[in-house]
Amino acid sequence: MKVSFNQLDRGYIKYKEEYKKEAIDTLESGLYILGGKLEKFEKEFANYIGARYCIGVNSGLDSLILAFRALNIGLGDEVIVPSNTYIASVLGITENGATPIFVEPDEYYNLDADKLEEKITINTKAILVVHLYGQAANMKKIKEIADKYDLFIIEDCAQSHGAAFLDKKTGSWGDIGCFSFYPTKNIGAFGDGGAIVTDNENIREKILMLRNYGSKVKYHNEITGINSRLDEIQASLLSVKLRHYNEIRKERSVLADKYLGGIKNNKVILPKIRKNAEQVWHLFVVRIENRDKFQLYLSESEIATQIHYPIPVHLSNAYESFGYRRGDFPITELYANTVISLPLYEGMTDEEINYVIDTINNYEG
Ligand SMILES: *Cc1c(COP(=O)(O)O)cnc(C)c1O
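Heads up: the sequence shown runs through residues 174 to 538, numbered per the numbering used here.
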């Protein structure tokens with residue numbers, strides 16, 4: 174049997190008629206950018222997250238870049254960010270000229286709140302929290318520290334749509350929540366997309382301008398902006414996905430439970446669930462020594478896996494100029510060398526997941 178890492182067409186097929194209807198409706202409306210479909214989705218998404226406003230943008234990366242820009246965070250400012258994340262989180266900071274200050278992760282792969290306070294300096298302006306793999310970070314503690322030092326919180330929720338901590342959804346804890354609708358994300362579009370959520374009206378106004386060349390009224394440019402708008406087709410298709418997201422979440426969680434209950438190989442370290450945190454299982458990540466050998470074994474059994482992420486951001490060539498060395502963030506580096514993500518997707522069959530579980534259980538190392 175062959176198991177792919179993702180199979181996006183299966184997610185489409187399940188609600189095919191609704192997607193087709195929305196797509197045709199949008200095509201026939203004659204309005205393709207900044208229309209009613211986007212406004213509708215923005216209301217629905219803000220409502221789902223529990224925020225006052227949502228502003229659709231072009232991608233998750235743009236949502237991060239514009240979040241810092243809206244808060245006037247730039248040159249000379251420091252932003253605390255987990256060292257264990259996807260490079261896009263850090264690009265959101267450096268694209269504005271600000272400096273990322275890395276913090277090691279906890280055993281749940283998220284920013285270790287106990288190591289946060291020691292990183293704060295006079296130049297610290299914000300904390301960028303990333304809710305990695307679908308699990309919320311320890312937001313209570315992080316919020317307490319942010320309030321104590323009067324820092325902004327920006328949440329990178331690209332992997333955590335609907336995940337919550339203490340029953341409050343990620344994206345609604347901080348000043349700004351940033352989302353990606355890249356096709357493989359839990360709420361994925363059929364192309365690029367992203368969104369910002371906030372309760373703050375001034376931030377909303379500023380992002381509305383920033384995403385549209387810096388203008389509220391056409392050709393009246395108040396500030397310098399960019400072009401980053403979630404288009405009507407994507408917004409209308411995202412409304413369909415959001416409508417069914419509770420079922421989609423349920424399906425992902427049933428699959429995750431199968432892995433958690435079925436994998437019985439003491440070489441494999443299973444993911445832990447944080448107390449008071451809800452997991453939406455964007456990725457099912459396990460750890461194992463000699464990871465590359467294990468990945469090869471699975472690949473020889475025709476099971477596709479991925480590594481999230483093989484090179485920690487502080488060691489990537491892109492940030493060579495920061496001068497970090499191997500050993501600077503040992504926990505992050507250990508994770509990068511030992512993590513492996515197993516297939517988990519909408520429409521994955523029992524036969525497929527059982528095959529993955531059996532194959533893992535038969536691994537002798
Ligand atoms: C996917 C992702 C992003 C970037 O989203 P895009 O829509 O691909 O730009 C940012 N942060 C994290 C943690 C992500 O997983």
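Backbone N, C-alpha and C fix where the C-beta goes; we use that ideal spot for every residue, glycine too.
Nearest to residue i (by Cα), restricted to the options the options
i	options	result
residue 513	466, 427 and 491	466
residue 251	326, 399, 515 and 195	326
residue 356	320, 182, 298 and 536	182
residue 329	315, 301, 318 and 314	301
residue 260	249, 246 and 275	275
residue 531	437, 392, 483 and 468	437
residue 232	411, 456, 360 and 402	402
residue 455	298, 489 and 304	304
residue 359	262, 411 and 385	411
residue 320	297, 306 and 340	297
residue 324	241, 521 and 435	241
residue 470	538, 480 and 423	538
residue 361	299, 343, 500 and 218	218
residue 184	415, 504 and 533	415
residue 399	391, 393 and 382	382
residue 215	368, 534, 344 and 335	368
residue 483	534, 177, 318 and 511	511
Residue i at chain C interface by Cβ criterion, 8 Å
i	result
residue 263	The structure shown has no chain C; it contains just one protein chain.
First and last residue of the uninterrupted alpha helix (DSSP H) at residue i
i	result
residue 372	No alpha helix (DSSP H) contains residue 372, which DSSP labels as neither H nor E.
residue 241	233–243
residue 251	Run containing residue 251: none in the alpha helix (DSSP H); it sits in the beta strand (DSSP E), 251–255.
residue 261	260–267
Straight-line gap, residue i to residue j (C-alpha atoms, nearest Å)
i	j	result
residue 273	residue 289	13 Å
residue 451	residue 429	13 Å
residue 192	residue 389	31 Å
residue 284	residue 179	27 Å
residue 491	residue 460	26 Å
residue 293	residue 230	31 Å
residue 585	residue 202	The structure shown has nothing for residue 585, since the chain only spans 174 to 538.
residue 446	residue 506	21 Å
residue 314	residue 308	15 Å
residue 439	residue 463	14 Å
residue 268	residue 186	38 Å
residue 443	residue 378	43 Å
residue 226	residue 372	6 Å
residue 495	residue 501	12 Å
residue 306	residue 386	33 Å
residue 423	residue 210	26 Å
residue 190	residue 375	39 Å
residue 521	residue 194	25 Å
residue 523	residue 432	11 Å
Beta-carbon proximity check, residue i vs residue j, cutoff 8 Å
i	j	result
residue 366	residue 332	no
residue 528	residue 174	yes
residue 449	residue 338	yes
residue 222	residue 413	no
residue 508	residue 281	no
residue 256	residue 486	yes
residue 206	residue 380	no
residue 395	residue 204	no
residue 248	residue 270	yes
residue 409	residue 199	yes
residue 246	residue 299	yes
residue 533	residue 441	yes
residue 334	residue 458	no
residue 188	residue 417	yes
Boundaries of the beta strand (DSSP E) in which residue i is found, first to last residue
i	result
residue 313	No beta strand (DSSP E) contains residue 313, which is instead part of the alpha helix (DSSP H) from 312–322.
residue 226	226–230
residue 514	512–515
residue 460	457–460
residue 388	388–390
Any contact between the region 342–360 and the region 234–254? By contact I mean 3 or more CB pairs, one from each, below 8 Å.
yes
Please determine if the region 511–525 and the region 466–478 are in contact, where contact requires at least 3 C-beta pairs separated by less than 8 Å.
yes
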